[in-house]
Amino acid sequence: MSQSLSSVYIHATFGTKYRKHLLNDPVRPELHAYMSGILYNTRCQTTSINSVEDHVHILFRMSKTHSIAYVLEQVKKRSSSWLKVHKEGQPKFTWQRGYGTFSVSASGMKPVIKYIKNQKERHKTQSYQEELEYLFKKYGQTKYDPDQFWS
């Protein structure tokens, strides 16, 4: 009998379209739980999730049967639909088209979890665009089209 094992962790982040402040305090805890359920249904395991008014960060163990593109498509599409009908949501809600993903080693998970949990504090002094440019540089992803990513 064969067995396939996988331990690949992904730090994903994406924002609201045009970085509109649409993720209000009452909806965020339910949104996080809903997104965790979507990840579970795509055979991923949520490790940490947090958001501020205009974007979300998720650390999860990647499925061994689905691609990153498929997983994030499901998370974004289904959570967008959910936010459109939620009593605290927005009827015209949509996520930005792009996303950022970064691989995280098992030994590097604790700092990333802390990073994700400290979103509110970080964004008192740093915009989401500044944060992503920092992450892109840190992970060696220096070539991207801002016109495509930020729309």
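For the sequence shown, this note's numbering gives the first residue as 1250, with consecutive numbering after it.
Beta carbons are placed, not taken as given, at the ideal position from N, Cα and C, and that holds for glycine.
What you are looking at is a predicted structure, and each value in this text was computed from that prediction instead of being measured.
Query raised in the report: Taking the continuous alpha helix (DSSP H) assigned at V1334, which residues delimit it?
Result: 1317 to 1334
Query raised in the report: Grouping DSSP H, G and I as helix and E and B as strand, with all else coil, what is Q1378?
Result: helix
Query raised in the report: What is the rounded straight-line gap between the Cα of E1322 and the Cα of G1357?
Result: 26 Å
Requested in this report: Grab the span of the alpha helix (DSSP H) containing L1280 for me, first residue to last.
Outcome: 1277 to 1290
Query raised in the report: Between which two residues does the alpha helix (DSSP H) harbouring Q1368 extend?
Result: 1368 to 1371
Report task. Decide if the region 1289 to 1299 is in contact with the region 1340 to 1350; the criterion is three or more beta carbon pairs, one per stretch, under 8 Å apart. Result -> no
Requested in this report: Could you name the residues of the same chain whose beta carbon sits closer than 6 Å to that of H1260, not counting the 5 residues immediately before and after it, in chain order?
Outcome: L1308, F1351, V1353, V1361
Query raised in the report: What residues in its chain sit with their C-beta under 8 Å from that of D1303, if we drop five residues either side in the sequence?
Result: G1264, T1265, R1268, K1269, H1270, L1271, L1272, Y1377
Report task. Keeping to the same chain, check which residues put their C-beta closer than 6 Å to that of T1275; ignore five residues upstream and five downstream. Result -> Looking at the sequence itself, residue 1275 is Pro, so the reference to Thr does not match. If we look at P1275 and ignore the five residues flanking it on each side, its Cβ neighbours are E1337.
Requested in this report: Going by DSSP, name the residue or residues bridged to T1295.
Outcome: F1309
Query raised in the report: What residue from D1396, S1297, S1316, V1334 has the CA that sits closest to T1262's CA?
Result: S1297
Requested in this report: Give the DSSP-derived three-state secondary structure of S1300 in the structure shown.
Outcome: strand
Query raised in the report: If you check the beta carbons only, do S1316 and I1287 fall under 9 Å apart?
Result: no
Report task. Give the straight-line distance between the Cα atoms of E1379 and Q1252, rounded to the nearest whole angstrom. Result -> 42 Å
Requested in this report: Check Y1364 in the structure and name its three-state DSSP category.
Outcome: helix
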